[in-house]
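A.B. asks: Residue numbers (the numbering used here): 21 to 185.
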Amino acid sequence: MTTRAAIAAKLDDFSFQKMNFGGFLMNKRAKSSHALWTRTADKGVTELTLLTTRDYGEGNVYDVAAFTLDGTVPAEVVSELRQQADALADQVNLRAHGYVYTCLEPWDGGGTIWISKKPEFRALSRLDQGIYVIPIQRLTGTVEPRWLAWAREGDQLNVAIVYKP
């Protein structure tokens, strides 16, 4: 059985990160993620809670997910967030907001990448309760995102979806 601790331990190995985050510009993403992971003490793996999903056909599947850094999102909050995420996905184009999170990078875009300019779904987060919400574009339509690696450097939370635990 795959566990959060087992995945976190695997992330210390560059080859594991290369398998999950590599494949672009000579594995630049995997190298950047591995460097961040190994230099940061405040890090871990958590499970995603899917709030809503939209399948646009031809493998174009988008999810809205919630997570906490230290465990499960409380059931009463999940119920509320599911309603909000579902309604929002019907009001705005989820395809315009989904992001692949294929390497450790700022969960909110950090003001430097395009996801920082489209905050509607991330605005569902309850940061005061440690609950984060992210819109996800799946890498493959059939594999639900379940695991999320995170690393905090300074005040910046970086996240990546681990599709191959």
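Ideal placement from N, C-alpha and C gives every residue a C-beta, glycine not left out. Here the structure is a predicted model, which means the values were calculated and not measured.
Do you know how far the Cα of H117 is from the Cα of L56?
C.D. replies: Numbered from 1 along the sequence shown, position 36 holds the residue referred to as residue 56. Numbered from 1 along the sequence shown, position 97 holds the residue referred to as residue 117. L56 and H117: Cα-Cα distance of roughly 25 Å.
A.B. asks: Would you grab the beta carbon distance between A85 and I154 for me? Rounded to a whole angstrom, and I think it's under 8 Å.
C.D. replies: Mapped onto the sequence shown, residue 85 falls at position 65. Mapped onto the sequence shown, residue 154 falls at position 134. Confirmed, about 6 Å.
A.B. asks: Could you check whether P139 and N178 sit closer than 7 Å to each other, using their CB atoms as the reference points?
C.D. replies: Counted from its first residue, the sequence shown places residue 178 at position 158. Counted from its first residue, the sequence shown places residue 139 at position 119. Not in contact: N178 and P139 (Cβ atoms no closer than 7 Å).
A.B. asks: How should A95 be labelled, buried or exposed, when 16 other C-beta atoms within 10 angstroms of its C-beta is the threshold for buried?
C.D. replies: Start at 1 with the first residue of the sequence shown, and residue 95 comes out as number 75. Exposed, because fewer than 16 other Cβ atoms sit within 10 Å of the Cβ of A95.
A.B. asks: Going by the CB atoms, is the gap between L108 and R74 shorter than 7 Å?
C.D. replies: As a working note, residue 74 is residue 54 in the sequence shown. As a working note, residue 108 is residue 88 in the sequence shown. Their beta carbons are not under 7 Å apart, which means R74 does not touch L108 by this criterion.
A.B. asks: Evaluate R59 with the Cβ neighbour count: other Cβ atoms within 10 Å of its Cβ, from every protein chain shown; 16 or more gives buried, anything less gives exposed.
C.D. replies: By one-based count along the sequence shown, residue 59 stands at place 39. With fewer than 16 other Cβ atoms within 10 Å, it is exposed.
A.B. asks: Assuming contact is defined by CB atoms lying nearer than 7 Å, are I181 and P165 in contact in what I supplied?
C.D. replies: Along the sequence shown, read from residue 1 onward, the residue named residue 181 stands at position 161. Along the sequence shown, read from residue 1 onward, the residue named residue 165 stands at position 145. Going by C-beta atoms, I181 is nearer than 7 Å to P165.
A.B. asks: Among all the DSSP beta bridges, which residues are the ones paired with I156?
C.D. replies: Translated into the one-based positions of the sequence shown, residue 156 becomes position 136. Answer is D83, Y119, bridged to I156.
A.B. asks: Using only the alpha-carbon positions, how far apart do V81 and A28 sit?
C.D. replies: Position 61 of the sequence shown, counted from the first residue, corresponds to residue 81. Position 8 of the sequence shown, counted from the first residue, corresponds to residue 28. Distance between the alpha carbons of V81 and A28 is about 26 Å.
A.B. asks: Just list the residues that DSSP pairs R146 with in beta bridges.
C.D. replies: The count along the sequence shown starts at 1 and reaches residue 146 at position 126. Partner(s): I151.
A.B. asks: Thinking W170 and T66 are a contact (beta carbons under 8 Å), I'd like their distance in whole angstroms, please.
C.D. replies: Locating residue 170 in the sequence shown gives position 150, where the first residue counts as 1. Locating residue 66 in the sequence shown gives position 46, where the first residue counts as 1. Indeed, because the Cβ distance is near 7 Å, the residues count as touching under 8 Å.
A.B. asks: For P165, write down the residues that DSSP places opposite it in a beta bridge.
C.D. replies: Translated into positions along the sequence shown, residue 165 becomes position 145. DSSP lists no partner for P165.
A.B. asks: Opposite Q176 in the DSSP bridges: which residues?
C.D. replies: Position 156 of the sequence shown, counting from 1, holds the residue named residue 176. Looking at the DSSP assignment, Q176 forms a beta bridge with E173.
A.B. asks: Apart from the five residues just before and just after E100, which ones in its own chain have a Cβ nearer than 8 Å to its Cβ?
C.D. replies: Translated into the one-based positions of the sequence shown, residue 100 becomes position 80. Counting only Cβ-Cβ distances below 8 Å, and skipping sequence neighbours, we find nothing.
A.B. asks: Between the Cα of D110 and those of D83, A50, M39, spot the shortest distance and give me the residue it belongs to.
C.D. replies: For this step, residue 110 is matched to residue 90 along the sequence shown. Nearest option by C-alpha distance: D83.
A.B. asks: Given S145, which residues of its chain have a CB within under 7 Å of its CB, disregarding the five upstream and five downstream residues?
C.D. replies: By 1-based counting over the sequence shown, the position of residue 145 is 125. Excluding positions up to five away in sequence, the list reads I151, Y152, V153.
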